[in-house]
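A quick write-up on the structure given underneath.
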Amino acid sequence: MKHLLKLSDLTEAEILDLLDLADRLKDENKRGISHPYLAGKSLGMIFQKSSTRTRVSFEVGMYQLGGQALFLSPRDLQIGRGEPIEDTARVLSRYLDGIMIRTFAQSEVEDLARFGSIPIINGLTDYAHPCQVLADLMTIRERKGDLRGRKLTFVGDGNNMANSLIAGCIKVGMKVAIACPKGYEPDAELMRWASENGEFLCTEDVLLAARDADAVYTDVWASMGQEDEAAERRRAFSGYQVNAEVMAQAKPDAMVLHCLPAHRGEEITAEVLEAHADEIFEEAENRLHAQKAVMVRLMA
Ligand code: CP
Ligand code: NVA
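For what it's worth, my numbering labels the leading residue of the sequence shown as 358, then goes sequentially.
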């Protein structure tokens with residue numbers, strides 16, 4: 358593994374190795390054992406979109422690994438004034454040991470990897486959010502044990518979260534059901550791959566998708582960059598909410614996961630979110646441990 362651009366680039370063994378390492382780093386954190394695998398190393402963090410979890414967990418994670426993280430906003434970087442990504446990649450590769458980037462187009466992340474000579478980590482694009490799904494798989498495994506054969510249902514927009522959940526869950530042998538309105542399906546090529554390589558369903562029927570789920574997942578109806586579509590999306594997604602009726606279809610001990618931030622009363626009811634707050638906030642915590650594992654594997 359040279360980069361983390363999207364989960365479909367990884368093998369099942371690579372994903373499980375990251376989860377094992379994340380578990381170990383988490384356990385060491387809880388026991389106060391330090392693990393300075395990245396002493397003297399620097400991670401650049403480029404954010405073209407807002408972030409709470411990704412920014413703080415990468416920065417703290419790098420500190421805990423003995424290295425440092427630099428927050429690079431496009432307002433300050435020359436990228437914001439049009440310096441091409443191929444030049445930025447070649448320059449930053451000479452100072453840094455790795456780059457985490459959150460941006461719009463997946464091609465920008467792929468270009469950084471192509472033109473630079475250091476590991477690139479995708480911290481969210483319109484297409485994928487691999488770091489989030491590593492934390493999600495870690496959280497499911499902590500509570501359910503073996504991932505193989507477990508069913509994850511995603512309710513909502515077929516964009517970055519849905520795409521990465523499909524890739525990650527199918528790779529580790531989980532079943533995936535997506536419930537989304539017509540016109541908001543996940544990436545077509547990824548869905549084809551999922552159907553050929555595992556048990557996969559994409560339907561408009563939320564209750565059907567939720568049947569016997571071990572984990573029910575949702576995400577906002579309007580993602581970052583889609584703010585002007587918010588009203589139209591509220592209409593399109595009105596039946597696509599994780600609520601008590603949907604949870605009644607899932608297994609009685611089903612988990613609820615949300616990448617956060619959450620919009621109570623839209624994609625999830627306040628009641629379901631609060632009933633599953635332990636899982637959802639542990640999932641957020643696990644971003645820290647999972648990303649530390651990624652940085653150790655890529656940069657140590
Ligand atoms: N889930 C997630 O990536 O959160 P942030 O947007 O706060 O980083
Ligand atoms: N789909 C959301 C995920 C946020 C973590 C977005 O892209 O805004």
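The beta-carbon is built from N, C-alpha and C at its ideal position, and this holds for glycine as well.
Every value quoted in this text rests on a predicted model; they were computed, and no experiment measured them.
- Taking 7 Å as the cut-off, one finds at least one heavy atom of ligand 2 near enough to the beta carbon of V577.
- In this structure, the beta-carbon distance from V629 to M656 does not fall below 8 Å.
- Counted as a single uninterrupted DSSP element, the beta strand (DSSP E) harbouring S399 occupies residues 399 to 404.
- Look at the beta carbons and you see the stretch 528 to 547 touching the stretch 500 to 519: at least three pairs across the two are nearer than 8 Å.
- With a cutoff of 8 Å on beta-carbon distance, D569 and K528 are scored as not near each other.
- Sorting A588, A492, Q598 by C-alpha distance to the C-alpha of C537 places Q598 at the top.
- Excluding sequence positions up to five before and after E467, its CB lies within less than 8 Å of the CB of L362, all in the same chain and listed in chain order.
- Under the Cβ criterion (8 Å, minimum of three pairs), the stretch 609 to 623 does not count as touching the stretch 541 to 550.
- The closest heavy atom of ligand 2 lies less than 7 Å from the beta carbon of H486.
- The closest heavy atom of ligand 2 lies 7 Å or more from the beta carbon of N386.
- Membership of N554 in any beta strand (DSSP E) is not indicated; the residue belongs instead to the alpha helix (DSSP H) covering 545 to 554.
- Closest by C-alpha distance to A426, out of M402, V448, A446, G437, is M402.
- In the three-state DSSP reduction, G439 falls in the coil class, being neither helix nor strand.
- V653 is positioned such that its CB atom lies no closer than 8 Å to that of L364.
- Within a 10 Å sphere around the beta-carbon of Q648 sit 16 or more other beta-carbons, which makes this residue buried.
- A direct Cα-Cα distance of roughly 21 Å separates R592 from D483.
- Secondary structure at Q583: coil, using DSSP grouped into helix, strand and coil.
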